[in-house]
Structures are given as C-alpha cells and as structure tokens.
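Following: one structure in structure tokens, then a few remarks.
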Amino acid sequence: MSVFIIAEAGVNHNGSFDVAKKLIDVASSAGVDAIKFQTFKAANIATKKTQKAIYQKKTTNKKETHFNMLKKLELSVEMHKELILYCRTKKIIFLSSPFDHESIELLKDLGLKIFKIPSGEITNLPYLRHIGKLGKKLILSTGMSNMDEIKNALNVLIDSGTKKNNITVLHANTEYPTAMEDVNLKAMLTIGNTFNVNYGYSDHTAGIEVDIAAVAMGATCVEKHFTLDKNMKGPDHKASLEPYELKAMVKAIRNIEVALGNGIKKPSRSELSNLRVVRKSIVAKKAIKKGDILSTDNLTIKRPGKGVNPMRWDEFIGTKSKKNYKKDELI
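Numbered according to the numbering used here, the sequence shown spans residues 700 to 1030.
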C-alpha cells in the first residue's frame, strides 16, 4: 500500500482564496495525495480572551488575541466549495480538519470521504462522538496526548460507529517547529503495536528527514505543513516547508517506498549478472595431474563464480583428481 502523503496547508492561505489556490498548485505539482486545510468558526472554538500559543506570539502580532487571529483565517462556505472543485481539476484530494460541530456538518455536506481529527480535539467527547457517527475514514492526530487518551478516543470513535480499520492514528508533536529531541518517533510504533491500528506521523520539524524515517519505520500516512514562502506573515509559515522542500520530501518518500521492497531476501534481477563475477570458485592453485591428491597445496579459491561453490571445499580436499588441470583452471 502506498504511503498517503498529506500536504498540510492549514491556515497558511492567510484567509486569501488566491493564496489557497496557489497552495493547491504547489501540492499537486509536488505529487502528494491530498492537501489539507482547516475548517472552523472562531466564535465556536475559542473565547475572545483566549491567548495565543507561545509559538504563535513569535510569528504574529503579540497584542492580537488568539480569537482575532483565527477570525482572519476562516474559510467561507463558498471558498470551500470552490477549493474542492479546484482540487478536482488538479487531481488532488481536498481534506480539511473540522474544529467544531458546525464544521463537521459542513464537511459532511460537502461530501468529504476522509476526516482529519486535529490533536486538540482528542479529549473532546461530544466532538469525537459526532465525527465517529459519520462512519467515514478517520485520521487521528495525537499531539500532546498520552496512551490512555488515545485509547479513550479510539473507543469513543469505534463505539460511535467507525470501523477500527478505517482509523489511522498519527503520532505528532504540536510545537512549531518541533525540536529533534522532542520527536520521539518510536512512539509511533508504540501506538501502532498497542492498538493494532494503521499508524503514521504528522510532522512539525523544520526538515524532511523525520518524515522519511517514519516511512522507513512503517508509516502508512505522513502529514507535513507547507507554505509558499516561510517569510509570509502568519502563525505556521516558519515551521512549514517551501515548495522545493515539499517536492524533495515526496520524491524521497516514494523512493523509500520502492526501496523497502517485499521483505524476501534473495538476489535481485539486476545483481544476478554480478553473481558470477563477484562470487568465487574452487580453482587449481598450480598444474594438477590426473590422480593427484587434491589439497590446500594445489587448490585455491578465486573469481569467477562459474565453477564449484567454495562451500563444497571439504568434499574435494583429500580426493583424487579425475583429470589434468592447468593453473587457475576451474575444478
């Protein structure tokens, strides 16, 4: 199964429809499977006095409230519809994370087949029940959570009507950017093995190497933030990939997919021709006459590998030669 690569546009459109379309262009060109936005109404998800996260204060106006920042980043219903249509022309899947009940219903009405649950909603019981009842394919991010919280969320989703095999759980860290010492990528395997679910990784590190490592470790889904320009104003741009980096990540992941192979250890078709050259055979160390006793004095092992396999060495030592051999002749 091919790794499902999600290019996370998030709120990097800055509220602009034109920027959102350009992000779709970039994602499509990079070869990802899906581009993901965020669907919310600021009034439904934050009080007006909610303060920004520390990383958001570093990248946006410190005096601006979290609510006011979110208000500027909302996508209208019409923008959703037009972006979905535009994604179809670019042959890329439109995804969006709903952050409130109204947004869940909107995305359901718009016909989305895959729903992404953001890390912040993993302890939101009414939200989980609502989205679980849809019976859709779900991708659950687990930033800031522990194993009990993941277990509880999975139980709610499954009890609400979602099949377990339709859920993919993403290991994640919600700090933007995530420091390497905080990635803890082995936790992704812990999640997969403990809950016996499809697993993957939602990445907020500055580079692409952790995403590649995640695929090598068995991730079936990888999500990565990207932007048109890291220097744009907004909360997430600095922790996002630029277009050339996104393209490099996709290329690397697809290469790793191919390189992982089927797990059966045997010579590949391409190296069979090397086998006869690089392997060795039992050969005459010097001229041998018919009837001579074969020994370490008159036998040795050299390339090519077209003769007797050296693993049969003991079968020949101490026996009589059946013919004459010249030096370096294959036995």
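All C-beta atoms, glycine included, are put in the ideal place defined by N, C-alpha and C.
Problem - Euclidean distance between Cα positions of lysine 720 and glutamate 773 - result: Position 21 of the sequence shown, counting from 1, holds the residue named residue 720. Position 74 of the sequence shown, counting from 1, holds the residue named residue 773. If you take the alpha carbons of lysine 720 and glutamate 773, they lie about 15 angstroms apart.
Practice task
Could you spell out the range, first to last residue, of the alpha helix (DSSP H) harbouring glutamate 1014?
Solution key: By one-based count along the sequence shown, residue 1014 stands at place 315. Counted as a single uninterrupted DSSP element, the alpha helix (DSSP H) harbouring glutamate 1014 occupies residues 1012 to 1015.
Problem - Option in Ile791, Thr904, Thr738, Phe703 with minimal Cα separation from alanine 804 - result: As a working mapping, residue 804 is identified with position 105 in the sequence shown. Note on identity: in this sequence residue 804 is glutamate, with alanine being the wrong assignment. Residue Thr738 is the option with its Cα nearest to glutamate 804.
Practice task
Count the CB pairs spanning the segment 869 to 879 and the segment 778 to 790 that are closer than 8 angstroms, and state whether there are at least three.
Solution key: With the cut-off at 8 angstroms, the segment 869 to 879 and the segment 778 to 790 do not touch.
Exercise for the section: Would you check if the segment 828 to 836 and the segment 850 to 865 touch, i.e. whether three or more CB-CB distances between them fall below 8 angstroms? Expected result: Yes, the segment 850 to 865 is in contact with the segment 828 to 836.
Problem - Local conformation of serine 727 per DSSP, three classes - result: On the sequence shown, position 28 is the one that residue 727 refers to. In the structure shown, serine 727 sits in a helix (DSSP, three-state: H, G or I).
Problem - In chain order, each alpha helix (DSSP H) run of at least 4 residues that lies wholly inside the segment 872 to 930 - result: For the segment 872 to 930, whole alpha helix (DSSP H) runs of length 4 or above, ordered along the chain, are 885 to 894, 908 to 915.
Handout entry: Cβ contact (3+ pairs, closer than 8 angstroms) linking the segment 841 to 849 and the segment 871 to 890
Key = Contact between the segment 841 to 849 and the segment 871 to 890 is present, because at least three Cβ pairs lie under 8 angstroms.
Handout entry: Stretch pair the segment 943 to 957 + the segment 973 to 988: three plus CB contacts closer than 8 angstroms
Key = Using a C-beta cut-off of 8 angstroms, the segment 943 to 957 makes no contact with the segment 973 to 988, since fewer than three inter-stretch Cβ pairs fall below that distance.
Problem - Three-state secondary structure (DSSP) of lysine 1001 - result: On the sequence shown, residue 1001 is found 302 positions in, with the first residue counted as 1. Correct three-state label for lysine 1001: strand.
Exercise for the section: Can you give me the Cβ contacts of glutamate 781 inside the same chain, cut-off strictly under 8 angstroms, excluding the 5 residues immediately before and after it? Expected result: Position 82 of the sequence shown, counting from 1, holds the residue named residue 781. Cβ within range, chain order: Phe716.
Problem - Bridge partner(s) assigned by DSSP for glutamate 707 - result: Counted from its first residue, the sequence shown places residue 707 at position 8. Lys735, His924.
Practice task
Given a cut-off of 8 angstroms, decide if lysine 929 and aspartate 902 are closer than it, judged by their beta-carbon atoms.
Solution key: The residue you call residue 902 lines up with position 203 of the sequence shown. The residue you call residue 929 lines up with position 230 of the sequence shown. No; because the gap between Cβ atoms is not below 8 angstroms, this pair is not in contact.
Exercise for the section: Could you tell me which of Lys748, Ala905, Lys807, Ala706 sits nearest to glycine 730, measuring between CA atoms? Expected result: If you number the sequence shown from 1, residue 730 lands on position 31. When only C-alpha atoms are compared, the closest one is Ala706.
Problem - Residue environment, threonine 904, which counts as buried when at least 16 other CB atoms sit within 10 Å - result: Within the sequence shown, residue 904 is the residue found at index 205, counting from 1. Threonine 904 comes out buried.
Exercise for the section: Consult DSSP for histidine 712 and reduce its assignment to one of helix, strand or coil. Expected result: The sequence position of residue 712 within the sequence shown is 13, counting from 1. Coil at histidine 712, not helix or strand.
Practice task
For phenylalanine 793, name the three-state secondary structure that DSSP assigns.
Solution key: Indexing the sequence shown from 1 puts residue 793 at position 94. Looking at phenylalanine 793 - three-state DSSP - the assignment turns out to be strand.
Handout entry: Own chain residues within Cβ distance below 6 angstroms of asparagine 864, not counting five before or after
Key = As a first step, residue 864 must be located in the sequence shown, where it is residue number 165. Once the five neighbours on either side are set aside, asparagine 864 has no close Cβ partner at all.
Problem - Rounded straight-line distance, which links the Cα of isoleucine 783 to that of isoleucine 792 - result: Residue mapping note: residue 792 aligns to position 93 of the sequence shown, counting from 1. Residue mapping note: residue 783 aligns to position 84 of the sequence shown, counting from 1. C-alpha separation (whole angstroms): 8 angstroms.
Problem - Every unbroken beta strand (DSSP E) inside the segment 806 to 858 [3 residues or more] - result: Complete beta strand (DSSP E) runs here, min 3: 813 to 816, 836 to 840.
Problem - serine 775 versus aspartate 724 - alpha carbon distance - result: Counting from one through the sequence shown, the residue named residue 775 turns up at place 76. Counting from one through the sequence shown, the residue named residue 724 turns up at place 25. Cα-Cα distance, rounded: 20 angstroms.
Exercise for the section: Can you give me the start and stop residues for the beta strand (DSSP E) that isoleucine 981 sits inside? Expected result: As a first step, residue 981 must be located in the sequence shown, where it is residue number 282. Counting along the chain, isoleucine 981 sits inside the beta strand (DSSP E) bounded by residues 980 to 983.
Exercise for the section: Spell out the partners DSSP gives lysine 1019 in its beta bridges. Expected result: To locate residue 1019, count along the sequence shown from 1; it is residue 320. Its beta-bridge partners are Ile992.
Exercise for the section: Return the chain-ordered list of same chain residues with a C-beta closer than 7 angstroms to the C-beta of lysine 1021, the five sequence neighbours on each side being excluded. Expected result: For the purposes of this step, residue 1021 is taken as residue 322 along the sequence shown, with counting starting at 1. For lysine 1021, where only same-chain residues beyond five positions count, the Cβ hits under 7 angstroms are Lys989.
Problem - From Glu944, Ala912, Ala915, Asp910, residue whose alpha carbon lies closest to that of phenylalanine 925 - result: As a first step, residue 925 must be located in the sequence shown, where it is residue number 226. Selected option, being the one with the closest Cα: Glu944.
Practice task
Taking glutamate 848 and threonine 822 to be in contact with their CB atoms under 8 angstroms, please state how far apart those CB atoms are, rounded to whole angstroms.
Solution key: Mapped onto the sequence shown, residue 848 falls at position 149. Mapped onto the sequence shown, residue 822 falls at position 123. About 6 angstroms separates the two Cβ atoms, so the contact holds.
Problem - glycine 891 vs cysteine 920 beta-carbon contact at 8 angstroms - result: Sequence index remark: in the sequence shown, residue 891 carries index 192 (1-based). Sequence index remark: in the sequence shown, residue 920 carries index 221 (1-based). Cβ atoms of glycine 891 and cysteine 920: not closer than 8 angstroms.
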